[in-house]
Amino acid sequence: MSLTNAEEVTAAFQSSAQPYDREFVPRLSEDILRVIRERKFPKRAEARINFLADSLAGRPNVEPRTSRDICTKERAKERAKSPYKILRKEFYVECSCGYRGPASNDACRDCGAQISYLPEMLLGMGLR
Ligand SMILES: [Zn+2]
Numbered sequence: 141m142s143l144t145n146a147e148e149v150t151a152a153f154q155s156s157a158q159p160y161d162r163e164f165v166p167r168l169s170e171d172i173l174r175v176i177r178e179r180k181f182p183k184r185a186e187a188r189i190n191f192l193a194d195s196l197a198g199r200p201n202v203e204p205r206t207s208r209d210i211c212t213k214e215r216a217k218e219r220a221k222s223p224y225k226i227l228r229k230e231f232y233v234e235c236s237c238g239y240r241g242p243a244s245n246d247a248c249r250d251c252g253a254q255i256s257y258l259p260e261m262l263l264g265m266g267l268r
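So the number in the working numbering is just where the residue sits in the sequence shown, counting from 1, plus 140.
Quick look at the structure:
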């Protein structure tokens with residue numbers, strides 16, 4: 141099936157992509173048509189879906205080509221991150237009991253006072 145105008149794009153989404161069609165058409169119909177006409181538009185279904193998604197992610201503010209570049213760069217950044225996670229973190233603490241030094245199990249080594257995570261939670265940083 142080859143789509144020749146924005147109305148056909150809208151109709152195709154409405155007949156095949158319900159209930160998600162309204163998220164994309166008619167708002168992006170012109171952009172979708174432009175992207176699927178690009179010479180670089182892939183042949184395989186999954187590649188087409190990804191190409192379309194990357195191209196349209198920045199619309200209407202970012203051109204499809206730039207949008208794809210941004211997606212590629214961000215994926216590269218994600219891949220470059222360490223696959224490992226910190227499983228345990230400890231702090232250097234100064235406790236009102238007078239102890240100064242490394243914490244143990246998130247608490248003062250001398251008196252056992254717990255480190256409060258409330259400030260981190262309030263700032264939306266989440267827990268470990
Ligand atoms: Zn203490």
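The beta carbon of each residue, even a glycine, is placed where N, CA and C say it ideally should be.
Source: prediction; values computed, not measured.
Can you find a heavy atom of ligand 3 that lies under 7 angstroms from the Cβ of residue i?
i: F164; result: No copy of ligand 3 occurs in the structure displayed; its ligands are ligand 1 alone.
Going by beta-carbon coordinates alone, are residue i and residue j separated by less than 8 angstroms?
i: E178; j: A146; result: no
i: F181; j: R188; result: yes
i: I176; j: L196; result: no
Suppose you measure from the CA of residue i to the CA of residue j; what does that come to, to the nearest Å?
i: A220; j: E214; result: 10 angstroms
i: S207; j: V233; result: 46 angstroms
i: Q158; j: E260; result: 41 angstroms
i: R205; j: D161; result: 23 angstroms
i: D250; j: S222; result: 35 angstroms
i: E271; j: Y257; result: Within the shown structure, residues of the chain are numbered from 141 to 268, placing residue 271 beyond reach of any answer.
i: S244; j: C211; result: 42 angstroms
i: A152; j: D209; result: 27 angstroms
i: R167; j: R184; result: 25 angstroms
i: A216; j: P200; result: 24 angstroms
i: A193; j: Y224; result: 29 angstroms
i: G264; j: C237; result: 29 angstroms
i: E218; j: E186; result: 21 angstroms
i: G198; j: T144; result: 23 angstroms
i: S156; j: R228; result: 48 angstroms
i: L262; j: E148; result: 49 angstroms
Once you ignore the five residues that flank residue i on each side, which residues in its own chain have a CB closer than 8 angstroms to its CB?
i: Q154; result: D161, V165
i: D246; result: E230, F231, Q254, I255
i: G241; result: Y232, V233, R249
i: F191; result: V175, K180, F181, P182, R208
i: Y239; result: V233, C248, R249, D250, C251
Kindly list the residues whose CB is nearer than 7 angstroms to the CB of residue i, restricted to its own chain and excluding five residues on each side of it in sequence; keep chain order.
i: E203; result: none
So, for residue i: in the same chain, excluding its five sequence neighbours on each side, which residues have a beta-carbon less than 6 angstroms away from its beta-carbon?
i: T150; result: V165, P166, S169
Quick check on the contact list: which residues have their beta carbon closer than 5 angstroms to a heavy atom of ligand 1? C235, C237, Y239, C248, D250, C251, A253
Would you mind listing the alpha helix (DSSP H) stretches within the region 157 to 239 that are 4+ residues and don't spill past its ends, in chain order? 161 to 164, 169 to 176, 185 to 196, 204 to 220
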